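Following: one structure in structure tokens, then a few remarks.
2 protein chains.
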Amino acid sequence: MPELRKDPIIGRWVIISTERGKRPSDFLIEPEKKRGGFCPFCEGHEDKTPPEVLSYRKPGTRPDTPGWRVRVVSNKYPALKIEGDLHRRGEGIFDLMNGIGAHEVVIESPDHEKDLVDLDVKHIEEVLWAFHDRILDLKNDARLKYILIFKNHGSAAGASLEHSHSQLVATPIIPKRVAEEIEGARRYYEYKERCIYCDIIRQEREADKRVVIENEAYLAWEPFAPRFPFETWVLPKRHALHFEEPKKDEYFYFAKIVKEILQRLNKALSHPPYNFIVHNSPIQDDNNGELHWHMEIIPKLTKIAGFEWGSGFYINPTPPEDAARFLREIDISNL
Amino acid sequence: MPELRKDPIIGRWVIISTERGKRPSDFLIEPEKKRGGFCPFCEGHEDKTPPEVLSYRKPGTRPDTPGWRVRVVSNKYPALKIEGDLHRRGEGIFDLMNGIGAHEVVIESPDHEKDLVDLDVKHIEEVLWAFHDRILDLKNDARLKYILIFKNHGSAAGASLEHSHSQLVATPIIPKRVAEEIEGARRYYEYKERCIYCDIIRQEREADKRVVIENEAYLAWEPFAPRFPFETWVLPKRHALHFEEPKKDEYFYFAKIVKEILQRLNKALSHPPYNFIVHNSPIQDDNNGELHWHMEIIPKLTKIAGFEWGSGFYINPTPPEDAARFLREIDISNL
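Chains A and B, in that order, are what the protein sequence lines are. According to my numbering, the first sequence is numbered sequentially starting from 756. According to my numbering, the second sequence is numbered sequentially starting from 756.
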């Protein structure tokens, strides 16, 4: 059973894989990339993954057979496991619990050659609905407090398989960065009685220096103090706590803006590896409306030294105003 | 002038290089490694760096000429600049100030072929004294609040030059991770009236599961909840707030334990790229004895996905108990 352990000084939880612990020699060989080799995510290879927990597929086709457009399976090498008790406990000064949770893979398309950005907007919308439906299901588990949606695209961004996919990790704790945002938004709300994200949206649309694009429901912009060059955030323009509570057509507009931002990043930066992560409100606690959910997209352009991990202090060589201008000026009309 | 900008939600400061802003095309070519090429840090090339601010050298030799053992110069491409006012100001909802600070390079040896681990203990001790003397000097600048000492070793760990060196960055803010440790230690102290680091040292020496080595004055161990495989911390065994206030012979013992830990990591992991960072107490504020200074050594073994940066949630494939055992059992008697 993996363990969740808490740093006693700053209170950050980490997952420790106690079962398949890596020995020193395991780090000496870079993991083989599967480019060109057998792909368990391709259509027709459904028996090479754990059974599907969700799929959108042609009427009349059976689970775990071809005919699907989007398919969700458990991760074959899960960071957390769904069976068991949390068993919160101490070890002297230290705190730990069992690594209970869920770890799922959203296979975004049956076609190995298509990245997320290549799918049409309607198809990307189905990927968003898959996140939605899985969140609703996992919400029923009272042990879980948070569901992280994220994507690693490209080997340098941490993807171990090339076939386009994203992931859900459901955890019994709220991840540190999200907890900090909730706390920061709460402090601002207590002081101003307004949502800080809504205030930022208002100010940024007026200033028009860091906004890249917007549509009927979403805004994409470069944050004022980004850690990374071309870090891009996408927010709903209305105050919305939960990703999984869209209004009619909102996922269509979200799919549309995500596709366009990825097209612009791809053209500006020659198809960089990237990650995205959705900062959503926690699934169990009523959080009094502090967080305004959003997606953070981070192209992997720079080497992050241990200095940054060790200090929490980042040096960003590209001002967000420059990044926004580059991304706005990119011509994607021929894509 | 670079800018220090504050994330309005979580309060993290980042440095934005507004002058030499990188354009998209700058990210397309990986920076050339200087292996085998001309090295500005080698003895005889003193005119290829900014003038030295400190050196330990043969009596009778002049600054910026050969004869030095350890040499400190300003970084040629500083992240922060020493001239000017902080000029703290707002931009609507946002906060920023000028990027005032110092950024120095400690060239650890005149010999290009020697890494820090290859230097003898007395020489490593001189590197520590160089950190010490530079801290004492920079402390005089009332605009500065913190001095980070760190090292990037190897290209994958962010080093842009091969010749062994470490760095000092003096900042007008306290970096986030350090501020969190100070706050965590303060909370514990209020509750227990004891130093949390001292309590951890006591418990870890008794449990003897995660300790790697110790000597007269220092302990090296794998923390209970490490983010990274083989992450190793070195602490003074006595309660000590400030790196720059050693007792007699303490730097000798610190040099000794750092050399031995690096030898063990090198042998266990085949000379991995690594970073170290010193978490020291702030230089201006009296911090009431919360922090216990220490060094964190992080071998660069895994790819850190944006998922980790985006969530603050880490998955560590090597339990620290295993890492400690591997490192203890390494035979370095023939080195």
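From the three backbone atoms N, C-alpha and C, an ideal C-beta is built for every residue, glycine too. Quick caveat, the model's predicted, so the values are computed rather than measured.
Straight-line Cα distance separating residue j from residue i
i, j, result
"Cys953 of chain A", "Leu851 of chain B", "20 Å"
"Lys1022 of chain A", "Ala1079 of chain A", "14 Å"
"Pro795 of chain A", "Thr804 of chain A", "6 Å"
"Ile879 of chain A", "His800 of chain B", "57 Å"
"His997 of chain A", "Trp1048 of chain A", "6 Å"
"Arg1083 of chain B", "Val989 of chain B", "15 Å"
"Glu798 of chain B", "Leu1090 of chain A", "54 Å"
"Lys900 of chain A", "Ile955 of chain A", "27 Å"
"Asp892 of chain A", "Trp884 of chain A", "12 Å"
"Arg942 of chain A", "Val825 of chain B", "48 Å"
"Glu948 of chain B", "Pro763 of chain A", "16 Å"
"Leu871 of chain A", "Gly939 of chain B", "41 Å"
"Ser919 of chain A", "Ala925 of chain B", "43 Å"
"Ala975 of chain B", "Arg982 of chain A", "31 Å"
"Lys877 of chain A", "Trp1064 of chain B", "30 Å"
"Phe1068 of chain B", "Lys906 of chain B", "24 Å"
"Pro1074 of chain A", "Ser772 of chain B", "7 Å"
"Pro779 of chain B", "Pro757 of chain B", "19 Å"
"Tyr699 of chain B", "Glu935 of chain B", "Residue 699 of chain B cannot be examined here, being either before or after the span of chain B that is shown, 756 to 1090."
"Lys761 of chain B", "Phe849 of chain B", "7 Å"
"Lys777 of chain B", "Lys1055 of chain A", "14 Å"
"Pro927 of chain A", "Asp963 of chain A", "40 Å"
"Glu1015 of chain B", "Ala857 of chain B", "31 Å"
"Leu1024 of chain B", "Ser1088 of chain B", "17 Å"
Endpoints, the beta strand (DSSP E) within which residue i is located
i, result
"Ala897 of chain B", "From DSSP, Ala897 of chain B is part of no beta strand (DSSP E); its letter is neither H nor E."
"Ile1032 of chain B", "Tyr1029 to His1034"
"Gly1065 of chain A", "Careful: Gly1065 of chain A lies outside any beta strand (DSSP E), inside the alpha helix (DSSP H) at Gly1061 to Ser1066."
"Arg778 of chain B", "Careful: Arg778 of chain B lies outside any beta strand (DSSP E) and carries neither H nor E."
"Leu759 of chain A", "Glu758 to Lys761"
"Asn970 of chain A", "Element bounds for Asn970 of chain A: n/a, residue is neither H nor E."
"Val769 of chain B", "Trp768 to Ile771"
"Ile1070 of chain B", "Tyr1069 to Asn1071"
Residue i: first and last residue of the uninterrupted alpha helix (DSSP H) it sits in
i, result
"Asn1021 of chain B", "Glu1005 to Leu1024"
"Ile879 of chain B", "Val876 to Leu893"
"Ala911 of chain A", "Segment: none, Ala911 of chain A is in no alpha helix (DSSP H) and carries neither H nor E."
"Arg942 of chain B", "Lys931 to Lys947"
"Leu1082 of chain A", "Pro1075 to Glu1084"
"Asp954 of chain B", "Ile951 to Ala962"
Beta-bridge partners of residue i, as assigned by DSSP
i, result
"Val825 of chain B", "B:Tyr811"
"Thr926 of chain B", "B:Tyr901"
"Met1050 of chain A", "A:Val989 and A:Val1033"
"Phe793 of chain B", "In DSSP, Phe793 of chain B forms no bridge with anything."
"Asn719 of chain A", "Absent from the structure is residue 719 of chain A, since the part of chain A shown begins at 756 and ends at 1090."
"Glu1102 of chain B", "Nothing can be reported for residue 1102 of chain B, as the shown portion of chain B is limited to 756 through 1090."
"Phe849 of chain A", "A:Glu846"
"His858 of chain B", "B:Val924"
"Lys836 of chain B", "B:Ile855"
heavy atom of the ligand NAP below 6 Å from residue i C-beta
i, result
"Asn970 of chain A", "Questions concerning the ligand NAP fall outside what the structure shown contains, since it holds no ligand whatsoever."
Residue i burial status per 10 Å Cβ neighbour count (16 or more: buried)
i, result
"Gly854 of chain A", "buried"
"Ser915 of chain A", "exposed"
"Asn1035 of chain A", "buried"
"Met1050 of chain A", "buried"
"Glu787 of chain A", "Confidence is the limiting factor: at Glu787 of chain A the pLDDT is only 46, short of 50, which leaves the residue's position unreliable and the question unanswerable from this model."
"Asp1077 of chain A", "buried"
"Ile1053 of chain A", "buried"
"Asn1071 of chain B", "buried"
Between the stretch 1058-1083 of chain A and chain B, which residues of the former have CB atoms less than 7 Å from a CB of the latter, in chain order? Lys1058, Ile1059, Ala1060, Gly1061, Phe1062, Trp1064, Gly1065, Ser1066, Gly1067, Phe1068, Tyr1069, Ile1070, Asn1071, Pro1072, Thr1073, Pro1074, Asp1077 and Phe1081
Any residues in the stretch 843-875 of chain A with a beta carbon nearer than 7 Å to a beta carbon of chain B? Which ones, in chain order? Gly847, Ile848 and Phe849
Mind listing which residues of the stretch 920-935 of chain A have their C-beta closer than 9 Å to chain B's C-betas, in chain order? Gln922, Val924, Thr926, Ile928, Pro930, Lys931, Arg932, Val933, Ala934 and Glu935
Return the residues of the stretch 944-970 of chain A that lie within a Cβ-Cβ distance of less than 8 Å from chain B, sorted by chain order. Ile951, Tyr952, Asp954, Ile955, Gln958 and Ala962
Along the stretch 885-905 of chain A, where does the CB come closer than 8 Å to a CB of chain B? Name the residues. Leu903 and Phe905
Mind listing which residues of the stretch 1010-1030 of chain A have their C-beta closer than 8 Å to chain B's C-betas, in chain order? Ala1023, Leu1024, Ser1025, Pro1027, Tyr1029 and Asn1030
Mind listing which residues of the stretch 759-774 of chain B have their C-beta closer than 8 Å to chain A's C-betas, in chain order? Arg760, Lys761, Asp762, Pro763, Ile764, Ile765, Gly766, Arg767, Trp768, Val769, Ile770, Ile771, Ser772 and Thr773
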